[in-house]
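The structure appears right after this line, and notes come after that.
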Amino acid sequence: MAFEQLLSDKLLSEFKTLSAMVSIYCKAHHKTTGNDLCQSCLDFTEYAHTRLDRCPYGQDKPTCNKCPVHCYKPHMKTKAREIMIYAGPRMLLPHPLMAIKHLMSERKAAPGKPPAASSNRHLRMQSRNQK
Numbered sequence: 001m002a003f004e005q006l007l008s009d010k011l012l013s014e015f016k017t018l019s020a021m022v023s024i025y026c027k028a029h030h031k032t033t034g035n036d037l038c039q040s041c042l043d044f045t046e047y048a049h050t051r052l053d054r055c056p057y058g059q060d061k062p063t064c065n066k067c068p069v070h071c072y073k074p075h076m077k078t079k080a081r082e083i084m085i086y087a088g089p090r091m092l093l094p095h096p097l098m099a100i101k102h103l104m105s106e107r108k109a110a111p112g113k114p115p116a117a118s119s120n121r122h123l124r125m126q127s128r129n130q131k
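Under full-length UniProt numbering, think of the first position of the sequence shown as 1, with each following residue one higher.
As structure tokens, this is what we get:
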């Protein structure tokens with residue numbers, strides 16, 4: 001996907017895991033084929049990407065269900081939960097490494113709340129300028 005290039009390291013891994021879950025969910029519930037997503041799932045994926053891009057934890061981001069910051073709007077949070085409940089157990093066969101890494105990161109304790117109005121964008125811009 002074109003918007004993957006904005007994320008790096010752990011955030012990129014988190015985005016790929018989420019994208020894989022959305023793909024599994026969309027194929028089962030909206031009968032899409034191949035790598036195509038329906039418009040609703042594509043919109044959710046783009047929304048999730050924006051939320052990851054603006055995550056105040058940056059590369060130290062905990063998994064969403066352990067995070068003390070609620071950055072998703074209520075209806076998107078409900079959709080994320082629905083997708084993850086369905087696709088989470090089904091990740092093991094098509095994406096075993098992603099599933100195991102995600103389970104391992106869920107076991108880690110979440111860090112304390114970040115300072116107000118913090119974002120990882122400044123970190124991304126610094127790394128981009130260093131290249």
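All residues carry an ideal CB built from backbone N, CA and C; glycine is no exception.
What residue range is occupied by the uninterrupted alpha helix (DSSP H) comprising residue i?
| i | result |
| --- | --- |
| Q59 | Taken as a continuous stretch (DSSP letters only), Q59 belongs to no alpha helix (DSSP H), as it is neither H nor E. |
| H49 | 39-53 |
| A110 | It is not in any alpha helix (DSSP H) - A110 carries neither H nor E in the DSSP assignment. |
| K79 | 74-87 |
Please report whether the beta-carbon of residue i lies at a distance below 8 Å from any beta-carbon of chain D.
| i | result |
| --- | --- |
| T45 | Absence of chain D from the displayed structure is noted, only one protein chain being present. |
By DSSP, does residue i sit in helix, in strand, or in coil?
| i | result |
| --- | --- |
| V22 | helix |
| Q97 | The sequence as given places Leu at residue 97; Gln does not occur at that position. Helix. |
| D9 | helix |
| T103 | Going by the sequence as given, residue 103 is Leu instead of Thr. Looking at L103 - three-state DSSP - the assignment turns out to be helix. |
| K66 | helix |
Pop quiz: residue i and residue j are said to be a contact at Cβ under 8 Å. What is the actual Cβ separation, rounded to whole angstroms?
| i | j | result |
| --- | --- | --- |
| A20 | M91 | 7 Å |
| A80 | Y72 | 6 Å |
| L11 | C38 | Going by Cβ atoms, the distance from L11 to C38 rounds to 25 Å, so no, they are not a contact pair. |
Whose C-alpha, out of the options, is nearest the C-alpha of residue i?
| i | options | result |
| --- | --- | --- |
| H70 | A48, I85, L11, S40 | A48 |
| I83 | P111, L42, K61, K108 | L42 |
| K66 | A110, G34, R54, H95 | A110 |
| F15 | S40, D53, C26 | D53 |
| K113 | H95, L97, P62 | P62 |
| H75 | K108, F44, Q39 | F44 |
| L97 | D9, S8, T17, G58 | T17 |
| residue 179 | V22, Y25, M104, Q59 | Absent from the model: residue 179. The displayed extent of the chain is 1 to 131, so no value can be given. |
| P94 | I24, D36, R51, S105 | I24 |
| T78 | C64, T50, P89 | C64 |
| L7 | L103, T50, K31, V22 | T50 |
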